[in-house]
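Below: one structure, written as structure tokens.
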Amino acid sequence: MTNALIDFVLVSVALLAIGIYGLSVKRNAIRMLFAVEMIVNSANLNLVAFARFIPNSQGQTLALFSIAIAAAEVAVGLALVIVAYRMYNNIDIADFRSLKG
Amino acid sequence: MIDFTSTPIILTMMLGSVGVIIPVISVARKEKGSSLYGGIAFAALISAISFVGYQIVSKHVTPAAIFSKNVLVDDTFGSFFAIAMLIVAIMTTVGSFNYMRGKTSPAVYYSLILLSSIGMVLIAYSTDLVMLFVAWELMSIPTYVLAGFAKKDPSSNEAALKYFLFGALSSGIIIYGISIAYGITGSTNIGQVIAGFSKLGPDMTPLALLAVAMFIAGFGFKIGLVPFHMWLPDTYEGAPPTISALLAAGTKKAGFAAALRVIIMGAIALDLNWAFALAIIAIVTMTVGNLAAIMQKNLPRMLAYSSIGHAGYILIGLSIAPFSQIGIQASLFHILNHAVMKASAFIAVAGIITTLSVSHIDKIRGLGKRMPITSLGLVISLLALAGVPPLNGFWSKLMLFGAAINAGSVMSWAPYLAVAGVLNSALSLAYYGWIIRKMYFEEGESEKRVKEPKSVIAVMIFSIIFIVGIGVYPDPFIEFAKSAVPALTNVTTMH
Numbered sequence: 001m002t003n004a005l006i007d008f009v010l011v012s013v014a015l016l017a018i019g020i021y022g023l024s025v026k027r028n029a030i031r032m033l034f035a036v037e038m039i040v041n042s043a044n045l046n047l048v049a050f051a052r053f054i055p056n057s058q059g060q061t062l063a064l065f066s067i068a069i070a071a072a073e074v075a076v077g078l079a080l081v082i083v084a085y086r087m088y089n090n091i092d093i094a095d096f097r098s099l100k101g
Numbered sequence: 102m103i104d105f106t107s108t109p110i111i112l113t114m115m116l117g118s119v120g121v122i123i124p125v126i127s128v129a130r131k132e133k134g135s136s137l138y139g140g141i142a143f144a145a146l147i148s149a150i151s152f153v154g155y156q157i158v159s160k161h162v163t164p165a166a167i168f169s170k171n172v173l174v175d176d177t178f179g180s181f182f183a184i185a186m187l188i189v190a191i192m193t194t195v196g197s198f199n200y201m202r203g204k205t206s207p208a209v210y211y212s213l214i215l216l217s218s219i220g221m222v223l224i225a226y227s228t229d230l231v232m233l234f235v236a237w238e239l240m241s242i243p244t245y246v247l248a249g250f251a252k253k254d255p256s257s258n259e260a261a262l263k264y265f266l267f268g269a270l271s272s273g274i275i276i277y278g279i280s281i282a283y284g285i286t287g288s289t290n291i292g293q294v295i296a297g298f299s300k301l302g303p304d305m306t307p308l309a310l311l312a313v314a315m316f317i318a319g320f321g322f323k324i325g326l327v328p329f330h331m332w333l334p335d336t337y338e339g340a341p342p343t344i345s346a347l348l349a350a351g352t353k354k355a356g357f358a359a360a361l362r363v364i365i366m367g368a369i370a371l372d373l374n375w376a377f378a379l380a381i382i383a384i385v386t387m388t389v390g391n392l393a394a395i396m397q398k399n400l401p402r403m404l405a406y407s408s409i410g411h412a413g414y415i416l417i418g419l420s421i422a423p424f425s426q427i428g429i430q431a432s433l434f435h436i437l438n439h440a441v442m443k444a445s446a447f448i449a450v451a452g453i454i455t456t457l458s459v460s461h462i463d464k465i466r467g468l469g470k471r472m473p474i475t476s477l478g479l480v481i482s483l484l485a486l487a488g489v490p491p492l493n494g495f496w497s498k499l500m501l502f503g504a505a506i507n508a509g510s511v512m513s514w515a516p517y518l519a520v521a522g523v524l525n526s527a528l529s530l531a532y533y534g535w536i537i538r539k540m541y542f543e544e545g546e547s548e549k550r551v552k553e554p555k556s557v558i559a560v561m562i563f564s565i566i567f568i569v570g571i572g573v574y575p576d577p578f579i580e581f582a583k584s585a586v587p588a589l590t591n592v593t594t595m596h
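Written out as structure tokens, the structure reads:
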């Protein structure tokens with residue numbers, strides 16, 4: 001059987017790892033937003049794959065909710081990035097250092 | 102089947118409809134002015150909290166249940182958190198009247214506070230991971246906007262960006278944890294997930310442990326547990342101070358509600374050694390929070406670190422939950438107390454920042470003469486945070502540490518939690534006392550009394566009455582906290 005559950009889970013774990021790598025290493029705000037999206041989508045892939053193999057529909061329902069919520073979340077995040085760009089002409093997180101201590 | 106008369110549904114409809122209507126009114130209305138929207142939001146929150154109170158008094162809520170077949174359960178646990186969150190939301194709303202005067206888009210501000218408080222309340226009522234996740238995001242997304250609400254202020258924007266990135270990471274981790282829990286148990290209902298956890302074979306147990314670890318990490322970001330706390334001081338310092346009150350007192354406590362519903366049950370069902378891990382996190386959290394707070398020179402930042410320390414105290418009760426009857430009760434009582442104390446401290450600071458535009462600790466010399474009522478409110482809140490008798494913080498800390506000592510008969514490490522807590526409380530008195538000394542015992546540049554904002558005075562009077570009142574007569578609230586503790590016995594017997 002070609003599309004076994006483990007294949008989906010492996011792809012999802014890889015996406016999660018890439019997402020966490022991107023969030024911790026990259027300093028560009030847009031890249032970090034993408035990294036967050038990858039983490040959420042790895043979980044969505046997991047949910048849909050599990051829902052197919054369990055089988056019931058709760059996982060797919062949650063995946064739908066999660067896609068909608070992630071869209072709202074990224075809209076807020078992009079708005080914050082745009083405000084930051086207007087202020088600094090730059091979206092490098094490392095340059096935002098007014099708060100320290 | 103949805104019961105449309107249950108508390109969470111009615112609260113959602115009440116607060117949600119008002120939260121949506123406020124911006125509509127602001128579009129239709131020509132003249133500017135923020136007090137109308139604040140008034141509407143205040144009225145909605147007051148009617149919401151009276152409704153919860155009525156439901157509790159008239160015994161419409163069921164006793165604290167951990168599990169339910171439904172998505173939401175109308176129990177005393179949820180009602181307890183609903184009361185705490187709505188008190189915080191009311192204090193934030195009233196405290197913002199003065200802060201928002203002359204600022205842009207006040208309607209959106211109050212509407213977002215209402216929407217976020219719906220999320221906080223629903224977290225406490227939810228018994229399904231789907232509902233929990235949706236409520237978690239409903240709580241978080243408005244607070245990202247609120248933290249960056251001062252659009253022209255670079256530090257507010259920086260605070261919001263940091264908060265957003267860590268918040269988005271935390272919700273990503275939570276949903277990944279949910280997906281694993283769903284994958285191994287085949288359900289998103291919290292009760293069925295935990296029943297499934299306790300029946301797992303040895304080959305699947307590591308995955309369940311991974312799911313619980315992801316929940317701890319995800320909720321830990323919002324709560325401010327120590328490996329996940331790095332965003333918190335920056336955000337609380339940079340965000341508008343009234344919003345810091347909402348974050349420190351509201352969203353953090355909602356994180357504890359979620360943790361109690363999910364982590365504690367899951368951890369108990371899986372392996373009692375989790376309690377030890379939580380105990381270590383508790384000690385590290387309170388020590389790091391208090392040690393870092395000593396070195397701070399900025400009031401909101403100091404309060405932010407102190408709120409990390411208090412997350413550690415609350416975690417004591419959670420970590421001894423399997424061995425002690427009063428562990429969770431003490432935690433719940435401290436959650437309610439800390440919500441009021443921290444909110445009132447932040448709103449006092451907000452009052453100081455808006456009237457004098459200072460937040461540095463050296464600039465508040467002689468404040469006791471310049472702003473007497475705000476200073477008195479701040480001092481009472483700080484002393485209560487330090488746990489000085491006879492204020493409310495003393496009783497909840499006494500219960501927490503007493504529970505830890507009593508649990509020593511079952512678990513040998515539990516009394517060390519009490520020792521760490523007492524030492525930390527003594528340590529915290531140092532920096533709280535420092536603020537008090539600056540305000541009352543040092544000469545300021547000016548002794549002229551300034552006009553204190555009325556809304557801040559109102560919040561201060563409420564919080565002084567609340568803090569001293571509970572301190573003098575704590576029994577009803579201890580009973581209320583006791584009634585909100587879910588019965589853990591049917592989880593521990595699952596082994």
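Protein chains in written order, with the numbering used here: chain A, 1 to 101; chain B, 102 to 596.
Beta carbons are placed, not taken as given, at the ideal position from N, Cα and C, and that holds for glycine.
For residue i, I'd like the list of residues in its chain whose CB is within less than 6 Å of its CB, leaving aside the five on either flank, ordered along the chain.
| i | result |
| --- | --- |
| Pro575 of chain B | Trp496 |
| Ala515 of chain B | Ile421, Ala505, Ala508, Gly509 |
| Met115 of chain B | Ala149 |
| Gly572 of chain B | Pro491, Leu492, Asn493 |
| Phe265 of chain B | Tyr245 |
| Ala236 of chain B | Gly220, Leu223, Ile224, Ser227 |
Tell me whether residue i sits in a helix, a strand or coil according to DSSP, three-state version.
| i | result |
| --- | --- |
| Ser66 of chain A | helix |
| Asn190 of chain A | Past the boundaries of the shown model lies residue 190 of chain A; chain A is included only from 1 to 101, so the question cannot be answered. |
| Ser299 of chain B | helix |
| His461 of chain B | strand |
| Asn493 of chain B | helix |
| Asn374 of chain B | coil |
| Asn290 of chain B | strand |
| Gln108 of chain A | What is shown of chain A runs 1 to 101, which leaves residue 108 of chain A out entirely. |
| Phe542 of chain B | coil |
| Ala515 of chain B | helix |
| Met472 of chain B | coil |
| Ser456 of chain B | Reading off the sequence, residue 456 of chain B comes out as Thr, not Ser. Residue state, collapsed to three classes: helix. |
| Lys552 of chain B | coil |
| His596 of chain B | Low local confidence applies: a pLDDT of 49 at His596 of chain B is under 50, so the model's placement there is unreliable, and no value is given. |
| Thr336 of chain B | helix |
| Met38 of chain A | helix |
| Asn3 of chain A | coil |
| Ser547 of chain B | coil |
Provide the residue(s) that pair with residue i in DSSP beta bridges, ordered along the chain.
| i | result |
| --- | --- |
| Thr163 of chain B | B:Asp176 |
| Ser227 of chain B | B:Leu173 |
| Asn399 of chain B | B:His461 |
| Asn28 of chain A | A:Asp92 |
Once the 5 residues before and after residue i are set aside, which same chain residues still bring their CB inside 7 Å of it?
| i | result |
| --- | --- |
| Gly339 of chain B | Ser256, Ser257, Glu259, Ala260 |
| His596 of chain B | Unreliable positioning characterises His596 of chain B in this predicted model, as indicated by a pLDDT of 49, which lies under 50. The coordinate reading is nonetheless provided below. Cβ neighbours of His596 of chain B beyond the five flanking positions: Ser299. |
| Ile276 of chain B | Phe234 |
| Ser445 of chain B | Met192, Gly478, Ser482, Val560, Met561, Ser564 |
For residue i, return the contacting residues in chain D, with the cut-off set at a CB-CB distance below 7 Å.
| i | result |
| --- | --- |
| Ser42 of chain A | Any reference to chain D falls outside this structure, whose protein chains are A and B. |
Within its chain, find whatever has a CB closer than 8 Å to the CB of residue i; leave out the 5 residues flanking it on each side and keep chain order.
| i | result |
| --- | --- |
| Asp95 of chain A | Tyr88 |
| Ala35 of chain A | Ile18, Gly19, Ile20, Tyr21, Gly22, Leu23, Lys26 |
| Glu546 of chain B | Arg466, Gly467 |
| Glu548 of chain B | Gly467, Lys470, Arg471 |
Contact set between the region 313-337 of chain B and chain A, restricted to residues whose Cβ is under 8 Å from the partner: Pro334, Asp335
Validate contact between the region 83-98 of chain A and the region 306-323 of chain B using beta carbons, cut 8 Å, 3 pairs: no
Contacting positions in the region 12-29 of chain A - beta carbon closer than 9 Å to chain B: Ser12, Leu16, Gly19, Ile20, Leu23, Ala29
Members of the region 277-309 of chain B that neighbour chain A once the beta carbon cut-off is set at 8 Å: Tyr277, Ile279, Ser280, Ile281, Tyr283, Gly284, Gly287, Ser288, Thr289
Inter-stretch contact (C-beta, 8 Å, three-pair minimum) for the region 425-433 of chain B and the region 449-457 of chain B: Contact between the region 425-433 of chain B and the region 449-457 of chain B is absent: fewer than 3 CB-CB pairs across the two stretches fall below 8 Å.
Contact between the region 540-558 of chain B and the region 470-480 of chain B (3+ Cβ pairs under 8 Å): yes
Segment contact, 8 Å Cβ cut-off, at least three pairs: the region 277-295 of chain B with the region 375-388 of chain B: no
The region 387-395 of chain B touching the region 477-489 of chain B, judged by at least three CB pairs closer than 8 Å: no
Chain B contacts made by the region 45-65 of chain A, where a contact means CB separation under 7 Å: Asn46, Leu47, Phe50, Ile54, Asn56, Gln58, Gly59, Thr61, Leu62, Phe65
Chain B contacts made by the region 67-79 of chain A, where a contact means CB separation under 7 Å: Contact residues of the region 67-79 of chain A toward chain B are Ile69, Ala72, Glu73, Val76, Gly77 (C-beta to C-beta distance below 7 Å).
The region 485-509 of chain B: positions lying closer than 8 Å to chain A by Cβ: When CB distances to chain A are screened at a threshold of 8 Å, not a single residue of the region 485-509 of chain B falls below it.
The region 240-261 of chain B: positions lying closer than 7 Å to chain A by Cβ: Ile242, Tyr245, Val246, Gly249, Lys252, Pro255, Ser256, Asn258, Glu259, Ala260, Ala261
Members of the region 79-96 of chain A near chain B, C-beta cut-off 8 Å: Ala79, Leu80, Val81, Val83, Ala84, Met87, Tyr88, Ile93, Phe96
The region 175-190 of chain B in contact with the region 222-230 of chain B per 3-pair CB rule at 8 Å: yes
The region 195-215 of chain B / the region 133-141 of chain B touching (three or more Cβ pairs under 8 Å): yes
Three-pair Cβ contact test at 8 Å for the region 107-122 of chain B versus the region 152-164 of chain B: Result yes; three or more Cβ-Cβ pairs closer than 8 Å.
The region 3-12 of chain A / the region 48-66 of chain A touching (three or more Cβ pairs under 8 Å): The region 3-12 of chain A makes contact with the region 48-66 of chain A; the number of CB pairs closer than 8 Å reaches 3 or more.
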